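Q: Sequential numbering of the sequence shown, starting at 1485, is according to the working numbering. Glycine included, every Cβ here is placed at the ideal spot set by N, Cα and C. All values derive from a computational prediction rather than experimental measurement.
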Amino acid sequence: MSGWVEETLHEDLHVKLKIDRVLFDSQTEHQHLVIFENETFGRAMALDGVMQTTEKDEFIYHEMLTHLPIYAHGSVRKVLIIGGGDGGMLEEALKHPSIEKVTMVEIDRSVVDLCTTYLPSISNGAFDDPRADLVIADGRDFVANCEDRYDLVIIDSTDPIGPGAVLFTESFYRDCRCCLTEGGILVTQNGVPFVQAEELTSSVSFFRALFKDATCYLATIPTYVGGPMAFGWATDNAELRMTALAELRARFDAEPVESRYYTPEVHQGAFALPPYVSELIR
1485 MSGWVEETLH
1495 EDLHVKLKID
1505 RVLFDSQTEH
1515 QHLVIFENET
1525 FGRAMALDGV
1535 MQTTEKDEFI
1545 YHEMLTHLPI
1555 YAHGSVRKVL
1565 IIGGGDGGML
1575 EEALKHPSIE
1585 KVTMVEIDRS
1595 VVDLCTTYLP
1605 SISNGAFDDP
1615 RADLVIADGR
1625 DFVANCEDRY
1635 DLVIIDSTDP
1645 IGPGAVLFTE
1655 SFYRDCRCCL
1665 TEGGILVTQN
1675 GVPFVQAEEL
1685 TSSVSFFRAL
1695 FKDATCYLAT
1705 IPTYVGGPMA
1715 FGWATDNAEL
1725 RMTALAELRA
1735 RFDAEPVESR
1745 YYTPEVHQGA
1755 FALPPYVSEL
1765 IR
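#1: Between which two residues does the alpha helix (DSSP H) containing Cys1660 stretch?
#2: Can you have a look at Glu1666 and say buried or exposed, based on whether 16 or more other CB atoms are within 10 angstroms of its CB?
#3: What ranges does the beta strand (DSSP E) occupy inside the stretch 1569–1600, keeping only unbroken runs of at least 3 residues that lie completely in it?
#4: In its own chain, which residues sit with a C-beta less than 8 Å from the C-beta of Ala1556, not counting the 5 before and 5 after it?
#5: Determine the direct distance from the alpha carbon of Asn1629 to that of Ala1621, and round the result to whole angstroms.
#6: Within 10 angstroms of its Cβ, does Gln1680 collect 16 or more other Cβ (buried), or is it exposed?
#7: Suppose only complete runs of 4+ residues qualify. What are the alpha helix (DSSP H) ranges in the stretch 1492–1560, listed by chain order?
#8: Count the other CB atoms within 10 Å of the CB of Cys1662; is the residue buried (16 or more) or exposed (fewer)?
#9: For Glu1584, collect the residues of the same chain with a Cβ closer than 8 Å to its Cβ; drop the 5 residues on either side in sequence, then sort them by chain order.
#10: Closer than 6 Å by C-beta to Thr1704: which residues in its own chain qualify, once you throw out the five before and the five after it? Chain order, please.
#11: In chain order, what residues of the same chain have a beta carbon less than 7 Å from the beta carbon of Gly1526, not counting five sequence neighbours either side?
#12: If you follow the beta strand (DSSP E) that Phe1715 is in, where does it begin and where does it stop?
#13: For Gly1609, write down the residues that DSSP places opposite it in a beta bridge.
#14: Keeping to the same chain, check which residues put their C-beta closer than 7 Å to that of Ile1765; ignore five residues upstream and five downstream.
#15: Hey, Phe1695 and Ala1718 are a contact pair by Cβ (cut 8 Å); roughly how many whole angstroms apart?
#16: Please tell me whether Ile1565 and Ile1638 are closer than 7 Å, where the distance is taken between their beta carbons.
#17: Between the Cα of Asn1721 and those of Arg1505, Glu1523, Asp1697 and Ile1544, spot the shortest distance and give me the residue it belongs to.
#18: Just the Cα atoms here: how many angstroms apart are Val1489 and Cys1660?
#19: Where does Ala1628 sit, in a helix, a strand or coil, going by DSSP?
#20: Locate the alpha helix (DSSP H) running through Gly1753, then write down its first and last residues.
#21: Under a three-way DSSP split, which group does Glu1742 fall into?
Quick look at the structure:
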């Protein structure tokens, strides 16, 4: 392999990360997976040439897709994660003692095994937690046939190419809605809107056809260049997005978690969208 991983996800924007040392490079059953070391970002993983996660900044992405909806809801007990093979989302969700069960559905067992081996700091032992239920299956099929109900569904998917494409369709989101308890929340990874506008626009339009409250919130993650990343938000309880700062602080103080990005103040501010993003989801 050359001395750089070049991501060509966007037609007009290519990004390179220097490879200091390759730890793994091979084709899994579903995709090409590379794990390597980079001085600035630590150990990093790319799937089919697209950067997925790095040790140094994964906490931002994982904290904002778990803690924000958990504290907004106020009484999450069961969580469903679709994707998330690195285990970071699982680890953050299980930081909450009040959560009784987290079911994680990952299509590629190799991603779980290799991340546990080469990126153990991301999952930090979460797969050994008795509340964790790992299911190796296609997430689309799982939600289509799901009989359990969850207070929170997190879609920790790759971009809408390859195995992740079906996780951005209206039919998939409809099945996710059926997996939710009354007033439950669906949150999704929706890319960087400055360079992936259609991804966000289409997802939120689907949400609005299915849920009473649908929008997105933002966080800036260095690995995903082009501006802040958008996370889709959908629920039938519109009051949850408007949870007051004092209430968020009270919930955080009652069940604090170790975080390096999430705070109640960041939570509230994440829903303040700049006009160029608001225009994409009108």
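A: Answer, in terms of the structure:
#1: The count along the sequence shown starts at 1 and reaches residue 1660 at position 176. That run of the alpha helix (DSSP H) goes Glu1654 to Cys1662.
#2: Here residue 1666 is taken as the residue at index 182 of the sequence shown, counted from 1. It is exposed - the Cβ of Glu1666 has fewer than 16 other Cβ atoms within 10 Å.
#3: Within the stretch 1569–1600, the complete beta strand (DSSP E) segments at least 3 residues long are 1585–1590, listed from N- to C-terminus.
#4: Residue mapping note: residue 1556 aligns to position 72 of the sequence shown, counting from 1. Within the same chain, Ala1556 has close Cβ partners Ile1669, Leu1724, Arg1725, Thr1727, Leu1732 and His1751.
#5: Taking the first residue of the sequence shown as position 1, residue 1621 is located at position 137. Taking the first residue of the sequence shown as position 1, residue 1629 is located at position 145. Taking the straight line from one Cα to the other gives about 12 Å.
#6: Position 196 of the sequence shown, counted from the start, is the residue given in the question as residue 1680. Classified as buried, Gln1680 has 16 or more neighbouring CB atoms from the shown chains inside 10 Å of its CB.
#7: Those alpha helix (DSSP H) runs which fall completely within the stretch 1492–1560 and span 4+ residues are 1542–1557.
#8: The count along the sequence shown starts at 1 and reaches residue 1662 at position 178. In this structure Cys1662 is exposed. Its beta-carbon is surrounded by fewer than 16 other beta-carbon atoms within 10 angstroms.
#9: Counting from one through the sequence shown, the residue named residue 1584 turns up at place 100. For Glu1584, where only same-chain residues beyond five positions count, the Cβ hits under 8 Å are Arg1561, Lys1562 and Arg1615.
#10: Here the question's residue 1704 lines up with position 220 in the sequence shown. Leaving aside the five residues that flank Thr1704 on each side, the residues in its chain whose CB is nearer than 6 Å to its CB run, in chain order, Pro1712.
#11: Translated into positions along the sequence shown, residue 1526 becomes position 42. Same-chain partners within the cutoff: Thr1538, Glu1539 and Lys1540.
#12: Walking along the sequence shown from the start, residue 1715 turns up at place 231. Secondary structure note for Phe1715: its beta strand (DSSP E) is the uninterrupted segment Met1713 to Thr1719.
#13: One-based indexing of the sequence shown puts residue 1609 at position 125. As DSSP reads the structure, Gly1609 sits in no beta bridge.
#14: As a working mapping, residue 1765 is identified with position 281 in the sequence shown. Within the same chain, Ile1765 has close Cβ partners Leu1684, Thr1685, Val1688, Thr1699 and Cys1700.
#15: Taking the first residue of the sequence shown as 1, we reach residue 1695 at position 211. Taking the first residue of the sequence shown as 1, we reach residue 1718 at position 234. Going by Cβ atoms, the distance from Phe1695 to Ala1718 rounds to 4 Å, so yes, they are a contact pair.
#16: Within the sequence shown, residue 1565 is the residue found at index 81, counting from 1. Within the sequence shown, residue 1638 is the residue found at index 154, counting from 1. Contact: yes.
#17: Against the sequence shown, residue 1721 aligns to sequence position 237. Nearest of Arg1505, Glu1523, Asp1697 and Ile1544 to Asn1721, Cα basis: Asp1697.
#18: Your numbering for residue 1489 matches position 5 in the sequence shown. Your numbering for residue 1660 matches position 176 in the sequence shown. Cα-Cα distance, rounded: 34 Å.
#19: Mapped onto the sequence shown, residue 1628 falls at position 144. The three-state secondary structure of Ala1628, taken from DSSP, is helix.
#20: For the purposes of this step, residue 1753 is taken as the residue at position 269 of the sequence shown. Gly1753: member of the alpha helix (DSSP H) spanning Pro1748 to Ala1754, first to last residue.
#21: Residue numbering aside, residue 1742 sits at position 258 when the sequence shown is read from its first letter. The DSSP-derived three-state label of Glu1742 is coil.
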